[in-house]
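In our numbering, the protein residues as written are 78 to 230.
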């Protein structure tokens, strides 16, 4: 990954970056492809830097899978340790939010008073996706709230 520009403006630090690889691995079949179909910018929230919110504007490319039998015709390259499919946050921010959510154990801050500016729903969602805590996509929010209240006790 190459960082092209860094802009600091009123509490927000924006990094403009692009990937530097020439090939990517298809997540569907595992074949390596170098045929570029196009590209677009992803906007990823990242952990704060020196008290500034951080955002990464990352230029990624969409590749064409060369295997005819593969279900995916095109796929987007991912940056290891930074991006995940459909994610709007970096992996490090996601882990940080999980830790904060567990530390808060579901406690609610008054609207607009959370120290990090994140919402209660963000923390519930972060906890809900931690596999070793028993979270699953079929578990309801009410069940999850009950689990969190037991955790607080």
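Glycine included, each C-beta is placed from N, C-alpha and C at the ideal position. Computed from a prediction, not measured in an experiment: that's the story for all the values here.
CA-to-CA distance, residue j to residue i, given in whole angstroms
{"i": "residue 141", "j": "residue 111", "result": "8 angstroms"}
{"i": "residue 58", "j": "residue 167", "result": "The chain is shown only over 78 to 230; residue 58 falls outside these bounds and no answer can be derived."}
{"i": "residue 90", "j": "residue 146", "result": "43 angstroms"}
{"i": "residue 80", "j": "residue 97", "result": "10 angstroms"}
{"i": "residue 139", "j": "residue 123", "result": "22 angstroms"}
{"i": "residue 118", "j": "residue 104", "result": "20 angstroms"}
{"i": "residue 164", "j": "residue 121", "result": "8 angstroms"}
{"i": "residue 143", "j": "residue 153", "result": "14 angstroms"}
{"i": "residue 158", "j": "residue 171", "result": "11 angstroms"}
{"i": "residue 175", "j": "residue 125", "result": "15 angstroms"}
{"i": "residue 102", "j": "residue 94", "result": "20 angstroms"}
{"i": "residue 148", "j": "residue 106", "result": "8 angstroms"}
{"i": "residue 82", "j": "residue 162", "result": "24 angstroms"}
{"i": "residue 92", "j": "residue 127", "result": "14 angstroms"}
{"i": "residue 108", "j": "residue 155", "result": "15 angstroms"}
Selection from the options that minimises the alpha carbon distance to residue i
{"i": "residue 131", "options": "78, 84 and 180", "result": "84"}
{"i": "residue 113", "options": "150, 169 and 87", "result": "150"}
{"i": "residue 160", "options": "136, 128 and 106", "result": "136"}
{"i": "residue 87", "options": "106, 109, 129 and 133", "result": "129"}
Extent of the continuous beta strand (DSSP E) to which residue i belongs
{"i": "residue 81", "result": "79 to 86"}
{"i": "residue 152", "result": "151 to 153"}
Checklist line | In chain order, each alpha helix (DSSP H) run of at least 4 residues that lies wholly inside the segment 91 to 128 | finding: None, since the segment 91 to 128 contains no complete alpha helix (DSSP H) of that length.
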